[in-house]
Amino acid sequence: MSAHNNQSNRLRHQAGLRSGTPGTHSGAGPEDDAAQQTYDDDPNGKDSRLKMKISMLKDVSITIGDEIRDQNQFLASMGEDMDGLGGRLATTMKHFYEMWARQGCGPLFYLCLFAVCVFVFMYLYLKFR
Numbered sequence: 001m002s003a004h005n006n007q008s009n010r011l012r013h014q015a016g017l018r019s020g021t022p023g024t025h026s027g028a029g030p031e032d033d034a035a036q037q038t039y040d041d042d043p044n045g046k047d048s049r050l051k052m053k054i055s056m057l058k059d060v061s062i063t064i065g066d067e068i069r070d071q072n073q074f075l076a077s078m079g080e081d082m083d084g085l086g087g088r089l090a091t092t093m094k095h096f097y098e099m100w101a102r103q104g105c106g107p108l109f110y111l112c113l114f115a116v117c118v119f120v121f122m123y124l125y126l127k128f129r
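Each residue of the sequence shown is one higher than the one before, counting from 1 in the UniProt record's numbering.
Written out as structure tokens, the structure reads:
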């Protein structure tokens with residue numbers, strides 16, 4: 001039973017809850033000190049502590065919402081940049097195909113020869129490494 005209580009107290013401490021009697025203090029931080037003083041002074045201390053935690057949760061959720069809006073704006077601008085990049089890439093490929101058509105099939109032969117040489121080199125390197 002003692003091991004169960006120790007584990008329960010540890011889990012409460014990790015969750016930010018106080019263990020034991022209402023007069024004990026876990027020492028979690030300054031917010032907890034203010035809550036403890038309110039709890040000792042006020043018979044409805046649990047209510048005021050709960051209200052404080054709710055307001056902290058509200059602040060955190062507002063901060064998360066602001067961060068999400070900022071990230072969405074960043075992603076939208078990134079998408080616009082990618083659209084512009086796609087247009088430039090299409091223009092470059094168009095120029096490449098025009099150059100290829102003027103040169104004939106000579107560059108295709110050299111490109112295939114280069115690819116074969118790279119694969120043979122990689123095969124030999126990996127085999128005798």
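We put the CB at the ideal spot given by N, CA and C, even for glycine.
- The DSSP-derived three-state label of glycine 104 is coil.
- As the crow flies, the alpha-carbon of glycine 104 is around 51 Å from that of aspartate 70.
- In this structure, DSSP gives asparagine 44 a state outside helix and strand, which the three-state scheme calls coil.
- Here arginine 129 carries a coil assignment [DSSP, helix/strand/coil].
- A buried status is given to arginine 49, since no fewer than 16 other beta-carbon atoms sit within 10 Å of its beta-carbon.
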